[in-house]
Amino acid sequence: MGNTLNGWSEALVGFNPMGLPLGLVILAAIPLVFIALYSLTYGVYGERKISAFMQDRLGPMEVGKWGILQTIADILKLLQKEDIVPASADKFLFVIGPGVLFVGSFLAFAVLPFSSAFIGASLNVGLFFAIGIVSLEVVGILAAGWGSNNKWSLYGAVRSVAQIVSYEIPAAIALLCGAMMAGTLDMQQITLHQSGHWGFAHFFLFQSPIAWLPFLIYFIASLAEVNRAPFDIPEAESELVAGYFTEYTGMKFAVIFLAEYGSMFMVSAIISVVFLGGWNSPFPNIGSFALNDWTNGPGWGVTWMILKGFFFIFVQMWLRWTLPRLRVDQLMYLCWKVLTPFAFISFVLTAVWEIYVP
Amino acid sequence: MQELEKAGVGSVRVTRKSDKVVVIEKDLVTEEMLLAMGPQHPSTHGVLKLECLTDGEVITQAEPYLGYLHRCFEKHCENVDYPAIVPYTDRMDYLAGMNSEMAYCIAVEKLMDVEIPRRVEFIRVIVAELNRIASHLVAIGTFGIDLGAFTPFLFCFRDREHILSLLEWASGARMLYNYIWIGGLAYDVPADFNKRVREFVDYFRPQTVELFRLLTENEIFVKRTKGIGIMPADVAINYGWSGPMLRGSGVKWDLRRNDPYSIYPELQFDVPVPDGKFSDVGDCLSRHLVRALEMEESLKIIEQCIDKMPSSEGFNSRSAIPKRIRPKAGEVYARAENPRGELGFYIQSDGKSTKPVRCHARSSCFVNLSAMKDLSKGQLLPDLVAIIGSIDIVLGEIDR
Amino acid sequence: MEEGKVVSRSLQQSAAAYAVIHEKFGDALSAFDGNETMPFFEVLDASLWVDIALYMRDHPKLKFNYMACLTGLDYPLEEKLGIVCNFESIGIFPHKLAVKVKCAREGGSIPSVACVWHTANWQEREAYDMYGMLFTGHPDMRRILCPDDWEGFPLRKDYKVQETYHGIKVPY
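Protein chains in written order, with the numbering used here: chain V, 1460 to 1817; chain C, 5 to 404; chain X, 4 to 175.
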């Protein structure tokens, strides 16, 4: 079934005029880039407005109505800025760092199913790919931090690498629980396993009570993976000035920022796909009032996906503007002594549930 | 044997298996890195520079360097008249200008033996306590920022804004007031000032509770501050600590109580000292707690002052100001309880000049910060930031 | 103290504390200056200053555990520099006392009491920074507020500001 649904994107792969994979680039990659860009633009705007709301402020109000064009103005400003490479920096690493970072966070978009008819690449190891490719960010962060030749950047990079690599483990195990419930690593298939007439009741989160454990574990771990508070230790501005991107200005800084907000959306999308039904509508069919049928479909799918993604981004922001920051050792304690054991426990429990509970 | 000597360094371990076999284990050889924290660093609260020797995240030594904001206060004092020094004191501790002015005026008044009208004393205490709350709000907010909690900072600044408006209404300036003059005040307070202050007190009481719940009781906040940077009471006294820092170490010492000045003996208020239940006595959390609880006491003081204040009938705020301020020959050391501790002024007069021969400010932050080197030894980098935040430094007062 | 004048309680306490120190060190101290604003005595034999300091801190009747303030001073007429320290006893006794120590104006030195009160460490550095008297035995005798390569000692009465500092014109 999945293959027929993805026929659209499969066909694009075959659209290769003059031997160039134009179909894939123009019709599949570009919308994804736009999704990433919009998640940045409105992520940043939302972050400012939400934090302003939480802090009794107004936030940006000048550019456009309610300041909605503020981020665009910021991007224009960043574009015009001089592109500075510090004299004593390792130029190669300094330049490729943000690129690798962006590629790492953006590649995972390829396997995210945005609707029943739109997925960049329906891999049968999609989830594994998403988990794995995010680790590429580590390389970018390390390159940026080391290449800057700045002690604060180095601290940020080292902290970040330690943090991301550690938190990959509980995150991956928690996601495996979802994969186990679906019986596949294909993200489109995982989503399809959660569709049905009862809407939200088919979501993995509501299919089994055990799923809440990996859900929470993955959510906490994903905060650490994308360096959000209370785990924003790599860029802890009061300790490390700005962490690994201390020396970056202009467009390179914007790319790092884009990657950060991109990965925020990415982990939110992954958690929605694995635990909250991805592009499925949460509304149930009640008798002849077929709300679920009415709110499902390729177009609706994109809406649900993005809404769910933004919901988790909102929760991330909420946490960021409420909580103080953990210390490095406390962060590692949380990962290795709390999250990882509980992830294993939830893994076993899910397996038991899947075998013995119909 | 050189290897054995190095064993103390930490990267080499020597274990004796038997009489003949000695196992030497080497870890990764780590090098200490010199990390210049500041003068431009977000958590040094201005232009403090800490030169840290770090072994990974651990600070093996942190040496503070001062003077980036040195504005020659004491040199200026030798060249201007006594009343003209008042604005300079504002610029020392710019977060608590009223308190600094009050300390300076008390010193000169002690040297001159002037009788201050009672209403002046009440107004002074009200504005000083308002300013103390404002200063503690900044201290608590920035401490939160140092630990990564941004929202409490803005909550604090929102409330501080009300205080600044009140003080602006009274004095005409928001931070650098020049309001308390030697022997009096620049102006009487506006007619409805007391009413508005009372409104503020009523508004602010619930806000302190909110702040308490948002920041002080936050699990992560407690984890970050409890047991960090512990200073025992006797060492704290030996280091000359004062104010919330000393009280955080469990010493019940408040100049408003122990060396009373102005009308403080007539007022009822507690001196909060941590009891060791919620925090370890002497750690960063204790110092934060003292500040948080002190705001409540200041509110009490303000309320009492409003009740007891003599009416403004026939009152001239400048009536007691001497025509010519030329104290008799002598020297004085007078101090007041500032939000950051004891702010003392040593003033020497030769009895002939209208300028002091010597005017030395004993800055509370300067003395509190001198313990930094000891406090920071062996701490993690994030803890160092917490310790600096808990000392609540104002570089304007340290460098003067 | 003039005869017949009402003496305040704090002054009596200071006088009593002075009497205890005087008993031990005798001629090394000057007479007690019992003024109302800041009662003090002077240490005439500066070499005994650390002993006196330790005695003041540790004697069971004195217990001056808190050095509130250390101020550098210049006495151009006497050709001397000096410090004045304000002491009190936190939580033990209510007495307060100030002590003055002087040294020669050029190349003079005063024993450091940083080993007795840690707080003296920075305050002595500040006095050195402003007046240029050395504190012997100080663990870290450097300038603290002025740059290390600043010329002269700013608070001396005969201080002349340098013309340029690293090519920057100093007097404005």
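Every residue gets a Cβ at the ideal spot worked out from N, C-alpha and C, and that includes glycine.
Residue interval of the beta strand (DSSP E) (run including residue i)
i         : result
Val25/C   : Where Val25/C is concerned, there is no enclosing beta strand (DSSP E), given that its DSSP letter is neither H nor E.
Pro1572/V : Pro1572 to Ser1574
Met37/C   : Met37 to Met41
Arg362/C  : Arg362 to Arg366
Asp59/C   : Lys53 to Asp59
Gln65/C   : Val62 to Tyr69
Glu45/X   : Phe43 to Val46
Within-8 Å CB hit, residue i to chain C
i         : result
Ile55/X   : no
Cys106/X  : no
Gly94/X   : yes
Gln1789/V : yes
Met70/X   : yes
Glu1698/V : yes
Ala1616/V : no
Thr139/X  : no
Leu14/X   : no
Selection from the options that minimises the alpha carbon distance to residue i
i         : options                                       : result
Phe1587/V : Gln1622/V, Ile1628/V and Leu1552/V            : Ile1628/V
Arg162/C  : Asp274/C, Tyr86/C and Glu214/C                : Glu214/C
Lys227/C  : Gly1591/V, Lys1610/V and Tyr1792/V            : Tyr1792/V
Asp132/X  : Pro79/X, Ser50/X, Leu84/X and Ser17/X         : Leu84/X
Tyr162/X  : Glu341/C, Glu82/C, Pro210/C and Ala88/C       : Glu82/C
Leu47/X   : Gly170/X, Gly111/X and Val104/X               : Val104/X
Arg291/C  : Arg200/C, Ala237/C and Pro210/C               : Ala237/C
Ala1602/V : Glu1706/V, Ile1745/V, Phe1690/V and Val1787/V : Glu1706/V
Ser175/C  : Gly187/C, Asp192/C and Val142/C               : Asp192/C
Phe1674/V : Gln1514/V, Asn1686/V and Ser1805/V            : Ser1805/V
Met1710/V : Ile1531/V, Asp1542/V, Val1503/V and Met1646/V : Asp1542/V
Gly1523/V : Ala1567/V, Phe1716/V and Ala1532/V            : Ala1532/V
Neighbourhood of residue i by C-beta distance below 8 Å, restricted to the same chain and skipping five residues each side
i         : result
Gly1518/V : Arg1507, Lys1508, Ser1510, Ala1511, Phe1512 and Gly1526
Gly140/X  : Val53, Pro114, Ser115, Ala117 and Cys118
Pro174/X  : Val164 and Glu166
Any chain V beta carbon closer than 8 Å to residue i
i        : result
Lys79/C  : no
His140/C : no
Ser353/C : no
Gly148/C : yes
7 Å CB neighbourhood of residue i in its chain, flanking five on each side removed
i         : result
Ala1680/V : Tyr1626, Pro1629, Ala1630, Ala1633 and Leu1798
Ala1701/V : Glu1694
Val285/C  : Ser253, Gly254 and Pro278
Ala20/X   : Leu65, His98 and Leu100
Leu1699/V : Trp1611, Tyr1614 and Gly1615
Leu73/X   : Ile86, Cys88, Ala123, Gln126, Glu127 and Ala130
Glu300/C  : Thr212
Arg260/C  : Tyr268 and Glu341
Residue i - containing alpha helix (DSSP H), residue span
i         : result
Pro278/C  : Run containing Pro278/C: none; DSSP gives neither H nor E here.
Gln1666/V : Phe1663 to Gln1666
Gln352/C  : Premise fails: Gln352/C lies in the beta strand (DSSP E), Gly345 to Ser353, not in any alpha helix (DSSP H).
Asp150/C  : Arg122 to Asp150
Ala1728/V : Gly1709 to Phe1734
Cys288/C  : Cys288 to Lys312
Thr229/C  : Glu223 to Thr229
Any chain X beta carbon closer than 8 Å to residue i
i        : result
His364/C : yes
Asn242/C : yes
Gly280/C : no
Glu298/C : no
Cβ-heavy atom distance, residue i to the ligand FAD, below 7 Å
i        : result
Ser283/C : The ligand FAD is not part of the structure shown, which contains no ligands of any sort.
Sequence-distant residues of its chain with Cβ nearer than 6 Å to residue i (five each side left out)
i        : result
Leu289/C : Thr229, Lys230 and Ser283
Gly135/X : Phe156
Asn135/C : Ala100, Met102 and Asn103
Contacts of residue i in chain D (Cβ-Cβ under 7 Å)
i        : result
Ala101/X : Going by chain labels, chain D is absent from the structure shown, which instead holds the protein chains V, C and X.
- Mind listing which residues of the region 54-65 of chain C have their C-beta closer than 8 Å to chain V's C-betas, in chain order? Glu61
- Item | Near-chain X residues of the region 150-179 of chain C - C-beta to any C-beta below 7 Å | none
- Item | Members of the region 384-404 of chain C near chain X, C-beta cut-off 8 Å | Look at the region 384-404 of chain C: the residues with a C-beta under 8 Å from a C-beta of chain X are Asp403 and Arg404.
- Task: Mind checking the region 36-55 of chain C against chain V and listing, in chain order, the residues whose C-beta falls within less than 7 Å of any C-beta there?
- Result: Taken in chain order, the members of the region 36-55 of chain C whose beta-carbon sits within less than 7 Å of a beta-carbon on chain V are Met37, Leu39, His45, Pro46 and Ser47.
- Using a Cβ-Cβ cut-off of less than 7 Å, give me the residues of the region 206-239 of chain C that come near chain V, in sequence order. Asn222, Ile224, Phe225, Lys227 and Arg228
- What are the residues of the region 1770-1782 of chain V that lie near chain C, defined by any Cβ-Cβ distance shorter than 9 Å? Within the region 1770-1782 of chain V, the qualifying residues are Arg1779, Trp1780, Thr1781 and Leu1782.
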